[in-house]
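*Asks:*
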Amino acid sequence: MVFIYFLIGLSFGFLGLAAYLRSRQEGEWALQKHLPGLAAFGLAAALNGWVEMFLASGTPVEYMEILKILRMLLQPLSGLLLLRFGWGILRSFSPLPAWAVFIPGALIVPIAFAISYAVTTFITPSPLDIPIDIWSRYLLYLPGSMMAGFGFIHQARVQRKAGFPDVSTLLFGAGLGFLVEAFVVGLVVPAAPYSPASYYNYDRVLHNAFSGEIAPSTTPFGLMGWLDYQSVLMATGLPIQFWRLLSAVAVTSFVVKGLDVFDAIRKRQLLALQAERDHAQQLAFNSLVAARQSAENWTEVLVHISRRIAELDDVGEVLLYLVENARQLLHSDFIGLAIYNKSANCLELKYYATAEQTEAVRQAEQVETPLIVRAFQTIQPYRTGEAEPPELLENLCLLPGRVAGAAAVVPICLDITPIGALWMARCERSPYSETDLIWLECLADQVMIAINHGLMTSQLQSLSITEERARIARDMHDGLAQVLGYLNLQVQTLTALLQQGKKESLQKELNEMRQAIQTAHADVRENILSLRTTLDAEKGLVSALEEYIEEFGIQTGVDIDLYYEVEGELNLASIAEVQFICILQESLTNIRKHARARHVLVTIAKEVQAGEEYVYLCIEDDGVGFSMAETHTESKRRFGLKTMRERAQSVHGDLAIESTPEKGTVIECRIPCLKQVRMRYRSPISQGEAPFLQSGPEGVGLP
Amino acid sequence: MNVREWALPVYTLLVELAAGALLAIWLIRAFSRPRFGPEETDRLTVSPLLVIFSTILVAIIGSHFHLSKPALSFLSVLNFRSSWLSREVVFTALFFLLVGWLVYLLLGRRGSRWMDGLGWGTILVGFGTVYCMGQIYLLPSQEAWNHPLTVASFFGSAMLLGTMATSSLLTLDLKFTEIRGPSISTARLEIVRRALGPLALAAVLAAGLTLSIDLAKIAHLQEGSPAAQTSLSLWLGLYQPLVWVRVGLLCAGAGWLALAVYRMQRTGRPVLDLIAPAYLACLLVMIAEILGRFLFYAAHVRAGI
């Protein structure tokens, strides 16, 4: 028995120490804040066990009374601490139903009667330590152990739900251990001369009240006869202390193992947090890459649109490109562009893009979709939300048999006047974001710029025609009209000479007339040649040059050679090509008019200077040349050379003239090429590659 | 005392508690109604009335453990004209039914016009029950019991338990309302805050009255027959520790409630803070009253055959 009491004390001492040490660590487990209570109970129960050990070991009488007093203090104290721990762990149940508030109220009467009854038993002749022992067990250990047991079982369920089945098993074991403890420690009490402990001589009024019969008074009362030390010994062959030891060991081992789980939980929480953080980082990185990719795609598309607009590409082509790329970039099933027709007073669909095709609408198709019309009329962009009425989404996605699930529309405005609407729709019911709407507005701006440029180009063409007519008129006035006027005078002179019979003078005048006619003829033919030499996309610049030079040689009789040393295209901007031809024409005209050259060499090549690529043009003749100083005084020639230099400079090029009298003239012109990347442009979406990886930072610059 | 005898304190104390609590709650209702309106006071009354109803039910069930033939208890009403026990049974049953009717009316929000009169009538019946149970013990053969002080002590217990239980019930009901949500109305808080002061004062007075009755009873026994002297010797001899425990718990319980309410009124602390003090004070007073009733039954000595 001494050894059993020692082991009981040791077991509870270990429990108390483990709980104490664990309570000093930080943690967020629900049991954490109740561990000091468990530690206090364990240590008090250990002391009580060891006091029992000394009492059972035959301690000298003078110490016996002290030990008994100690036990009378320690037993209710440990019971009280267990009750407090059990109450604490039970209170962690949450949320309790509101009516649970009344449970203490309902229990107040039984509690009051139980305590009152316990108090009355202290006046019986039994020693004082007996009622203390009994009522410590009934009133403190029993409810304390039960509450702790149910509390641990509840925690086991919580841990199981949290995904910790091993922890749950240990806590469930601890809960069962406490329930066993409730039985062997809280219900089995020493014999006493009053119920319910072991008061055998008790009449069974309760049992027989309804029949009115009185049973023999020596029969034990219900189960109570089993619940004293003697009954347990007789029933099991082992003293109750042995069973208490077993329950103490069970509680301690399960609880201590369960407490070890703190570390496991913390580690798991740490791992879970790390995994969560890694996952979040990966997601953030992915979204960053996606955002950058998207931004680069957008930049590339917008730059390409701007370039095409600047290069005066066909507006229709630009808008087709725009709707096609917008559909892909905005993950839409349909993109439509409608322009306001003033005469018909309605919006007409002009361009659209679907996954299958992108095309310009040839026959006017009226757009009456309320969402689009409203955005156009109010000049307010709009995007549909999640709870949009279905009728509002009708006729947005002009695909047969498909209904839009989400849409966004923006007006296209010229200054403050709405001229059309651009909208996008997708069949999936996934609303567009505010960012999508902003991008759509950017595209609407591009549409407006493209249209504006188209209008300006038309105006410029009209202006160019007017200028060209003026130039032809001026040339005719300065050339052909002058010659014709001169010839008129000469005819009058010839008539006079003929009447006077001056044959020699007549012949001389006729020669001069022939000369003037030949000059005029040459000028007219050259002008016709210049007018015929036009740049068109099909023929190309090189073919036009070759034709012009060949024709020029035939017309003027000058031996002219062309050295074309460029592989592939010249890669000049459209406007630069025009200036290039004009400079060549002006140079050759000067040669015909002034140089009296027999041989002309035209060289076209490519040069690289400071990393920049240029088209190099050199016109070299073996004519009479001129003094560079004379050009400062001879206004007509100076004006022609100045015009050529300005033409070169207008396209960021330069022009140099080198001439020596009787040694011919050399004109050199350099015009910068377009950047390589511009020529190698590929649609960023269709290629599926990040353009920024190919082009480098200078990729967006214009020459 | 065995289980059969413990049934008597259970029954008597619970009925006294019910009668006292009903009086307390009806007084609070009557005084609060003009200021806070019938709806709020009706809501305040529901939970305490349900508890009072349950208490009487438990008391009635508990009383049957005292009977030899509980199944035939209803036959006792046949002696209504001659027996206080029969009258007690009839009054208890009537009290139970009337409280049940009140609960029915309150829960169904019916007949608020009736309610006040019915409530006061029920209180009269409740106190009639207490009076009947006191009259039962006025037996010439029992010197310790045969005195009007017995009836007075029963009424004192009713007052004391009623006020203490009502304090605890009102605070618990506040907590219940708070948990059930969405929030406690200001009117409800104000009613309870105002009621707790008079309740605590009444509890202290009732505790003083109860102790005074005990002292008067001791004085009465001192001057009584040998049987009364024997009863007194039991009180002051074998059961003396219990007497002191009872006195101590009574003072502690009533004093604790009074002190807690006083501190609340003075410092303006929330009424909900009074749940634990009111509950524990009620528990202490209830234990004291159970011990008092134990002493009442245990110290009687029969005179004659």
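Here the protein sequences line up with chains A and B, keeping their order. The first sequence: position 28 = 733 (our numbering), numbered continuously. The second sequence: position 297 = 299 (our numbering), numbered continuously. Think of the CB as a built atom: it goes at the ideal place given N, C-alpha and C, for glycine as much as any other residue. Keep in mind it's a predicted model, so treat the numbers as computed, not measured.
(1) For E1282 of chain A, tell me which candidate among A:Q1204, A:R796, A:R1352 has the shortest Cα-Cα distance.
(2) From the beta carbon of S1037 of chain A, is the nearest beta carbon of chain B less than 8 Å away?
(3) Runs of 4 residues minimum, wholly inside the stretch 35-90 of chain B: which ones carry the alpha helix (DSSP H) assignment?
(4) Going by CA-CA distance only, name the one from A:S1169, A:G856, A:T826 that's closest to L787 of chain A.
(5) If you draw a straight line from the alpha carbon of H302 of chain B to that of L876 of chain A, how long is it in whole angstroms?
(6) In the DSSP output, what is E1070 of chain A paired with across the bridge?
(7) How would you write the range of the alpha helix (DSSP H) that F1081 of chain A sits in, first residue to last?
(8) Does the beta-carbon of K219 of chain B have 16 or more other beta-carbons within 10 angstroms, so that it is buried, or is it exposed?
(9) In this structure, does DSSP put R1385 of chain A in helix, strand or coil?
(10) Between A1109 of chain A and V863 of chain A, what straight-line distance do the alpha-carbon atoms span, to the nearest angstrom?
(11) For A861 of chain A, tell me which candidate among A:Q946, A:T1348, A:L795 has the shortest Cα-Cα distance.
(12) In chain A, what lies closer than 7 Å to I292 of chain B by C-beta?
(13) Measure from the C-beta of E18 of chain B to each C-beta in chain A and report whether the shortest distance is under 8 Å.
(14) Run through chain A and tell me which residues come within less than 8 Å of K219 of chain B, C-beta to C-beta.
(15) Report the residues of the stretch 803-815 of chain A with a CB closer than 9 Å to any CB of chain B, ordered along the chain.
(16) Return the residues of the stretch 219-246 of chain B that lie within a Cβ-Cβ distance of less than 7 Å from chain A, sorted by chain order.
(17) Pick helix, strand or coil for L1311 of chain A, following the three-state DSSP scheme.
(18) Taking V53 of chain B as the query, report the chain A residues whose CB atoms sit under 9 Å from its CB, ordered along the chain.
(19) Specify the secondary structure class of G693 of chain A as computed by DSSP and reduced to three states.
(20) So is I58 of chain B in contact with chain A if we call contact Cβ pairs under 8 Å?
(21) Residues of chain A with a CB under 7 Å from the CB of I181 of chain B: which are they?
(22) In whole angstroms, give me the CA-to-CA distance for P1086 of chain A and P802 of chain A.
(23) Quick one: does Y13 of chain B have its CB under 8 Å from some CB of chain A?
(24) Quick check on T825 of chain A - is its C-beta less than 8 Å from some C-beta in chain B?
(25) When Cβ atoms are compared, which residues of the stretch 268-295 of chain B fall closer than 8 Å to chain A?
(26) Using beta carbons (cut-off 8 Å, strictly below), is S170 of chain B in contact with chain A?
(27) Over what stretch of residues does the beta strand (DSSP E) that includes I1324 of chain A continue unbroken?
(28) Quick one: is L174 of chain B near chain A, going by C-beta distance under 8 Å?
(29) Would the beta-carbon of V1152 of chain A fall within 8 Å of that of L1024 of chain A?
(30) Sorted by chain position, which residues of the same chain lie with C-beta nearer than 8 Å to L1119 of chain A's C-beta, five sequence neighbours on each side aside?
(31) With a Cβ-Cβ cutoff of 8 Å, do L1145 of chain A and A1113 of chain A count as a contact?
(32) Quick one, which of A:Y1026, A:V756, A:Q737, A:L736 has its alpha-carbon nearest F708 of chain A's?
(33) Residues of chain A with CB closer than 8 Å to the CB of F178 of chain B, please, in chain order.
(34) What is the rounded straight-line gap between the Cα of S1364 of chain A and the Cα of V1307 of chain A?
(35) Name the DSSP beta bridge partners of D1264 of chain A, please?
*Replies:* Let me spell this out:
(1) A:R1352
(2) no
(3) 40-66
(4) A:G856
(5) 54 Å
(6) A:L1054
(7) 1075-1083
(8) buried
(9) Only weak support is given to the placement of R1385 of chain A: the predicted model assigns it a pLDDT of 38, under 50, and the value that follows is read from those uncertain coordinates. Coil at R1385 of chain A, not helix or strand.
(10) 46 Å
(11) A:L795
(12) A817, F818, S821
(13) no
(14) What K219 of chain B touches in chain A: nothing, since even the nearest Cβ is about 19 Å away.
(15) A803, W804, A805, V806, F807, P809, G810, A811, I813, V814
(16) L240, Y241, P243, L244
(17) For the record, residue 1311 of chain A in the displayed sequence is Lys; it is not Leu. It is a strand residue.
(18) F807, G810, A811
(19) The question about residue 693 of chain A has no answer, for chain A in this structure spans 706 to 1408.
(20) no
(21) A803, V806
(22) 51 Å
(23) no
(24) yes
(25) Y281, C284, L285, M288, I289, I292, L293
(26) yes
(27) 1317-1326
(28) yes
(29) yes
(30) M1153, I1156, N1157
(31) yes
(32) A:V756
(33) A803, W804, V806, F807
(34) 16 Å
(35) A:H1304
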